[in-house]
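Chemist:
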Amino acid sequence: MSEPRLSSLHPGDSAIIRAISAEESLHHRLLALGFRVGKEIHLIRSARFRGPLQVRVGTTEVIMRRCDADKIRVSHQTAQ
Amino acid sequence: MKCIALLGMPNTGKSTFFNRFTGASARVGNWPGITIDLLAAKIPLDGQVVRVVDLPGIYDFHGFSEDEKVVRDFLENNRVDLLLIILNGVQLERQLSLALQAQQLGLPAVLLLNMADEAKRAGITVDIEKMAARLKIPVAWVSAKYGEGFKSASTLIAQALSANCPTDPAKLRENLRADDEIEAALEEIFSESVRMPKTMPKGMTANLDRILLHPFFGLPLFFLVMFLLFQFIFTLGKPMQDGMAWLLSQARTLGLEPLLANLPAWMQGLLLDGIYNGVGTVAAFVPVIILFFLVMTVVEDSGYLSRAAFLMDALMARLGLDGRSFVMLLMGFGCNVPALMGTRIMRSRSLRLLTMLIIPFSLCSARLQVFLFLITAIFTARAAPIVLFSLYLLSFATALLTAVLFKHRFPSTEPFIIELPPYRLPTTRQIISRAWHEVRHFLKRASKFITFGVVAVWILTHVPSDVPPSSADTLAGHVSTLLSPLLSPIGIDAQLSVVLIFGFVAKEIVIGSLAAIYGLEGDSLMGLMAQKLDWVQAYSFMLFTLIYTPCLSAVATLRNESKSYAFMFFSIAWSLLLAWVVCFVFYQGARGLGY
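Chains as they are written, first to last, in the working numbering: chain A, 298 to 377; chain B, 71 to 665.
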């Protein structure tokens with residue numbers, strides 16, 4: 298799959314969620330937090346030492362690990 | 071040719087069923103409307119040849135994962151005569167939703183409960199008739215693994231195949247779209263009635279985050295903030311504590327002593343030197359406890375703790391934990407008991423157990439009170455905050471060490487995703503009601519445990535009555551003689567070892583017990599401690615108190631939350647061992663260096 302993943306974005310990047318391929322519990326958690334295909338996602342910052350990512354979908358900000366962000370495919374939009 | 075599609079959640083043995091059902095004659099084929107290949111086979115069933123398709127495993131029709139999209143596209147573009155829904159019979163409570171959705175969409179279906187063998191072993195029974203009547207779908211047990219129930223399932227499938235009309239893809243598309251329309255309607259109402267700026271204004275939260283979550287300064291800032299808060303509590307709390315102690319001793323000399331003067335001497339001793347001194351010494355700490363919870367409430371409600379989780383997760387991940395474990399560890403600084411209960415948010419049992427194993431090392435407010443007393447008695451005002459801070463650091467260090475040592479025994483792959491709320495200042499009302507709640511909790515425990523503990527210690531140290539109090543011939547003396555080979559190498563003397571036994575019940579008793587043993591309170595007790603103990607002994611005692619075990623309530627909570635006595639005993643044994651080793655290394659090391 299050539300599409301980039303959420304984990305490959307840089308801080309300040311925006312992208313559109315293309316697919317979420319996570320197991321059930323994570324999938325439902327993401328849905329509950331507003332992660333939907335077609336929504337815009339914004340990577341705010343990433344913690345040092347390959348720590349978690351801080352992302353925003355709509356008005357919700359969440360922190361998530363890179364390995365979980367790997368399961369979200371995005372299409373690159375703009376670098377603000 | 072009639073077409074049967076297999077539908078089910080991932081990991082339900084759907085593929086195993088497919089292979090057995092079709093006799094491994096499957097071929098990969100293309101299907102209209104979808105881009106990926108699906109396995110399909112042609113098999114004879116009840117005198118005719120039918121085609122069976124294995125659809126990808128999905129959790130529900132409305133999901134947005136790739137596989138769910140494939141299933142939807144398939145059903146929207148292909149006529150299906152029968153849907154075979156395969157559910158894991160052991161997990162029906164969450165899997166039944168898929169069958170209900172299919173029924174609601176009006177899909178012709180037969181429900182097969184797979185893993186009949188496992189369900190039988192687990193003691194699960196299903197009233198097949200009732201379930202079928204309720205769902206209006208035929209239901210049967212099968213075991214794809216062992217091939218049980220296939221014959222009756224085939225009959226059921228053949229019957230359903232001849233009785234049902236095939237799906238109408240166009241109509242199904244409409245039905246499924248109705249679900250999407252909710253989404254669309256939501257978007258529409260939202261965009262029409264709610265105005266949102268194109269980019270969120272860079273508010274206070276974003277600005278604060280830029281500083282507090284700074285890649286280099288974030289962590290040092292976090293520790294600085296914590297240090298300053300403790301400095302604040304200590305500086306402001308000390309005069310309040312002194313004032314309280316003065317009030318209590320005035321009440322004793324002016325009020326209680328004249329009042330009780332007529333009672334026999336031993337009774338006066340028990341009431342004044344035992345109960346009043348013990349409870350009074352603890353009560354003197356109430357202002358500091360209040361202050362501590364006022365500050366902790368502000369920190370907790372401000373949203374800074376989630377940021378701490380963000381900053382610490384990289385480290386915690388290497389310890390086999392996650393940011394939430396760290397937040398719970400911080401909660402433990404108030405009281406270990408709610409922190410242990412807070413681990414319920416974690417789904418993975420291993421992650422939970424490992425977090426529960428490290429929480430007891432959090433320096434809780436009851437232990438804080440012991441340390442405040444001893445630090446004030448033995449260290450200078452300038453050294454005091456540093457000594458206290460070092461205990462906090464050691465509390466972290468022992469927790470992290472425990473995690474490193476045991477992470478391989480409790481492996482976990484639970485995803486870590488938490489919401490980051492905007493920074494908020496709690497209202498005064500919130501702060502006060504929260505602090506009041508904590509203080510009331512502290513006092514309730516105090517009245518229950520401390521009075522009992524203090525009386526018990528007084529009796530142990532004053533019976534038999536014909537020997538000097540707390541000497542080697544009293545009951546306490548005998549107990550401590552037994553323990554001395556173990557505790558003297560770490561600088562803990564006879565009287566202090568009795569105190570430690572009571573400290574196991576609750577740390578709130580520790581200072582009260584000291585007061586009962588020596589029949590002194592407040593400043594005079596502090597003076598005596600300063601005479602009796604040098605700083606190395608005092609620090610060793612504090613280290614042991616920090617590590618050796620939380621309290622009886624925490625131990626009981628450990629047992630309740632883990633549902634395992636083995637885990638509880640393991641936790642106690644490990645803390646005791648670690649406490650002894652750390653104190654031994656410290657005490658002998660410090661003595662060896664000439665202190």
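Ideal placement from N, C-alpha and C gives every residue a C-beta, glycine not left out.
Can you check which of these residues, B:Val-369, B:His-478 and B:Ser-482, is closest to Ser-418 (chain B) by C-alpha distance?
Modeler: Position 348 of the second sequence, counted from the first residue, corresponds to residue 418 (chain B). Ranking the options by Cα distance to Ser-418 (chain B), first place goes to B:Ser-482.
Chemist: Would you say Leu-283 (chain B) reaches chain A, if we count a Cβ-Cβ gap shorter than 8 Å as a contact?
Modeler: By one-based count along the second sequence, residue 283 (chain B) stands at place 213. Yes, Leu-283 (chain B) lies at the interface with chain A (some Cβ there is under 8 Å from its Cβ).
Chemist: Spell out whether any CB of chain A is found under 8 Å from the CB atom of Pro-485 (chain B).
Modeler: Taking the second sequence and counting its residues from 1, the one referred to as residue 485 (chain B) is at position 415. Judged by the 8 Å Cβ criterion, Pro-485 (chain B) is in contact with chain A.
Chemist: Quick check on Cys-235 (chain B): buried or exposed, where buried means 16 or more other Cβ atoms within 10 Å of its Cβ?
Modeler: The residue given as residue 235 (chain B) occupies position 165 in the second sequence. Answer is exposed; the Cβ neighbour count stays below 16.
Chemist: Would DSSP call Cys-73 (chain B) helix, strand or coil?
Modeler: Translated into the one-based positions of the second sequence, residue 73 (chain B) becomes position 3. Correct three-state label for Cys-73 (chain B): strand.
Chemist: Identify the contact partners of Phe-396 (chain B) in chain A, using a Cβ-Cβ distance below 7 Å as the criterion.
Modeler: Numbered from 1 along the second sequence, position 326 holds the residue referred to as residue 396 (chain B). Going along chain A, no residue has its Cβ under 7 Å from Phe-396 (chain B), so there is no contact; the nearest lies around 12 Å.
Chemist: Considering only residues of the same chain and omitting the five flanking positions on each side of Tyr-665 (chain B), which have a CB-CB separation below 7 Å?
Modeler: Within the second sequence, the letter at position 595 stands for residue 665 (chain B). Once the five neighbours on either side are set aside, the close Cβ partners of Tyr-665 (chain B) are Val-606.
Chemist: Who are the Cβ neighbours of Leu-400 (chain B) in its own chain at under 7 Å, not counting the five residues just before and after it?
Modeler: To locate residue 400 (chain B), count along the second sequence from 1; it is residue 330. Within the same chain, Leu-400 (chain B) has close Cβ partners Leu-375 and Ala-378.
Chemist: Check Thr-498 (chain B) in the structure and name its three-state DSSP category.
Modeler: Along the second sequence, read from residue 1 onward, the residue named residue 498 (chain B) stands at position 428. DSSP places Thr-498 (chain B) in helix when its eight states are reduced to three.
Chemist: I need the straight-line Cα distance from Cys-364 (chain A) to Ser-395 (chain B), nearest angstrom please.
Modeler: Here the question's residue 364 (chain A) lines up with position 67 in the first sequence. Here the question's residue 395 (chain B) lines up with position 325 in the second sequence. So the alpha carbons of these two residues sit roughly 18 Å apart.
Chemist: Within 8 Å (strictly less), CB to CB, does Ala-376 (chain A) reach chain B?
Modeler: Numbered from 1 along the first sequence, position 79 holds the residue referred to as residue 376 (chain A). With a pLDDT of 47 at Ala-376 (chain A), under the threshold of 50, the modelled position of that residue is not reliable, and the figure given next carries that caveat. No, Ala-376 (chain A) does not count as interfacial toward chain B.
Chemist: Taking all protein chains shown into account, do 16 or more other C-beta atoms lie within 10 angstroms of the C-beta of Met-71 (chain B), making it buried, or fewer, making it exposed?
Modeler: Within the second sequence, numbered from 1, the residue matching residue 71 (chain B) stands at position 1. It counts as exposed.
Chemist: Flag Asp-536 (chain B) as yes when its Cβ comes closer than 7 Å to any non-hydrogen atom of the ligand MN, and as no otherwise.
Modeler: Absence of the ligand MN is noted for the structure shown, with no ligands found whatsoever.
Chemist: Quick check for students: name the residue ranges of the alpha helix (DSSP H) that lie wholly in the segment 194–244 of chain B, counting only runs of 4 or more.
Modeler: Counting only runs of 4 or more, we get 198–205 and 220–233.
Chemist: Would you say the segment 323–334 of chain A touches the segment 353–363 of chain B, given that touching needs at least three Cβ pairs under 8 Å?
Modeler: No contact exists between the segment 323–334 of chain A and the segment 353–363 of chain B.
Chemist: Can at least three beta-carbon pairs, one atom from the segment 283–302 of chain B and one from the segment 439–450 of chain B, be found at a separation below 8 Å?
Modeler: Contact fails: fewer than three Cβ-Cβ distances are below 8 Å.
Chemist: Out of curiosity, what's the CA-to-CA distance linking Ala-564 (chain B) and Ala-384 (chain B)?
Modeler: Reading the second sequence from its first residue, position 494 is the one you call residue 564 (chain B). Reading the second sequence from its first residue, position 314 is the one you call residue 384 (chain B). Their Cα atoms are separated by approximately 45 Å.
Chemist: In chain A, which residues lie less than 8 Å from Phe-380 (chain B) when you measure between Cβ atoms?
Modeler: Position 310 of the second sequence holds residue 380 (chain B). Chain A residues near Phe-380 (chain B): Ala-344, Gly-348, Pro-349, Gln-351 and Ile-360.
Chemist: In whole angstroms, what separates the C-alpha of Tyr-216 (chain B) from that of Asp-187 (chain B)?
Modeler: Locating residue 216 (chain B) in the second sequence gives position 146, counting from the first residue. Locating residue 187 (chain B) in the second sequence gives position 117, counting from the first residue. Roughly 8 Å between the two C-alpha positions.
Chemist: Where does Ser-558 (chain B) sit, in a helix, a strand or coil, going by DSSP?
Modeler: Here residue 558 (chain B) is taken as the residue at index 488 of the second sequence, counted from 1. Three-state result, Ser-558 (chain B): helix.
Chemist: Our contact map puts Leu-242 (chain B) next to Leu-145 (chain B) with C-beta atoms below 8 Å; I'd like the distance itself, whole angstroms only.
Modeler: Position 172 of the second sequence, counting from 1, holds the residue named residue 242 (chain B). Position 75 of the second sequence, counting from 1, holds the residue named residue 145 (chain B). With a Cβ gap of about 6 Å, Leu-242 (chain B) and Leu-145 (chain B) count as contacting.
Chemist: When the Cα atoms are used, what is the spatial distance from Arg-353 (chain A) to Glu-321 (chain A)?
Modeler: As a position in the first sequence, residue 353 (chain A) is number 56, starting the count at 1. As a position in the first sequence, residue 321 (chain A) is number 24, starting the count at 1. Going from the Cα of Arg-353 (chain A) to the Cα of Glu-321 (chain A) covers about 22 Å.
Chemist: Could you tell me which chain A residues have their CB closer than 7 Å to the CB of Tyr-129 (chain B), listed as they occur along the chain?
Modeler: The sequence position of residue 129 (chain B) within the second sequence is 59, counting from 1. Chain A residues near Tyr-129 (chain B): Glu-321 and His-324.
Chemist: Would Thr-521 (chain B) and Ile-587 (chain B) qualify as a contact pair, given that the criterion is a beta-carbon distance under 8 Å?
Modeler: Taking the first residue of the second sequence as 1, we reach residue 521 (chain B) at position 451. Taking the first residue of the second sequence as 1, we reach residue 587 (chain B) at position 517. Contact flag unset, no.
Chemist: Buried or exposed: where does Arg-362 (chain A) fall if 16 or more other Cβ atoms within 10 Å of its Cβ makes it buried?
Modeler: Locating residue 362 (chain A) in the first sequence gives position 65, where the first residue counts as 1. The residue is buried, with at least 16 neighbouring Cβ atoms inside 10 Å.
Chemist: CB-CB under 6 Å to Ala-189 (chain B), same chain, minus the five flanking residues each way: which ones, in chain order?
Modeler: In the second sequence, the residue the question calls residue 189 (chain B) occupies position 119. Excluding positions up to five away in sequence, the list reads Gly-159 and Val-160.
Chemist: Quick one: is Asp-365 (chain A) near chain B, going by C-beta distance under 8 Å?
Modeler: Counted from its first residue, the first sequence places residue 365 (chain A) at position 68. Chain B, which has a Cβ nearer than 8 Å to the Cβ of Asp-365 (chain A), makes this yes.
Chemist: Relative to chain A, which residues along the segment 470–496 of chain B have a C-beta separation below 7 Å, given in chain order?
Modeler: Of all residues in the segment 470–496 of chain B, Pro-485, Phe-486, Ile-487, Ile-488, Glu-489 and Leu-490 have a Cβ within less than 7 Å of some Cβ in chain A.
Chemist: Quick check: what's the CA-CA separation for Arg-670 (chain B) versus Trp-316 (chain B)?
Modeler: Within the shown structure, residues of chain B are numbered from 71 to 665, placing residue 670 (chain B) beyond reach of any answer.
Chemist: Below 8 Å on the Cβ atoms is my guess for Phe-486 (chain B) versus Gly-412 (chain B); work out the distance and round it to an integer in Å.
Modeler: For this step, residue 486 (chain B) is matched to residue 416 along the second sequence. For this step, residue 412 (chain B) is matched to residue 342 along the second sequence. Rounded, the Cβ-Cβ distance is 15 Å, inconsistent with contact.
Chemist: Would you call Tyr-618 (chain B) buried or exposed, if buried means 16 or more other Cβ atoms sit within 10 Å of its Cβ?
Modeler: For this step, residue 618 (chain B) is matched to residue 548 along the second sequence. Buried, since its Cβ has 16 or more Cβ neighbours within 10 Å.
Chemist: How about the segment 486–502 of chain B and the segment 459–466 of chain B: do they share at least three Cβ pairs that are nearer than 8 Å?
Modeler: Output reads no: the segment 459–466 of chain B does not touch the segment 486–502 of chain B.
Chemist: When you compare the CB positions of Ser-567 (chain B) and Leu-553 (chain B), do they come within less than 8 Å of one another, or not?
Modeler: What you label residue 567 (chain B) is simply residue 497 of the second sequence in a count that begins at 1. What you label residue 553 (chain B) is simply residue 483 of the second sequence in a count that begins at 1. Closer than 8 Å, so yes.
Chemist: Within a Cβ cutoff of 6 Å, which residues of the same chain sit near Met-298 (chain A), ignoring the five residues on either side of it in sequence?
Modeler: Mapped onto the first sequence, residue 298 (chain A) falls at position 1. Legend: pLDDT at Met-298 (chain A) = 47, less than 50; position of this residue unreliable, no value from coordinates given.
Chemist: Just how far apart, CA to CA, sit Arg-370 (chain A) and Gly-78 (chain B)?
Modeler: Reading the first sequence from its first residue, position 73 is the one you call residue 370 (chain A). Reading the second sequence from its first residue, position 8 is the one you call residue 78 (chain B). Straight-line Cα distance between these residues: approximately 24 Å.
Chemist: Using the Cβ count rule (16 or more neighbours within 10 Å means buried), how would you classify Gln-377 (chain A)?
Modeler: Within the first sequence, residue 377 (chain A) is the residue found at index 80, counting from 1. Because the pLDDT at Gln-377 (chain A) is just 44, under 50, the model does not fix this residue reliably, and the value given afterwards should be weighed accordingly. It is exposed - the Cβ of Gln-377 (chain A) has fewer than 16 other Cβ atoms within 10 Å.
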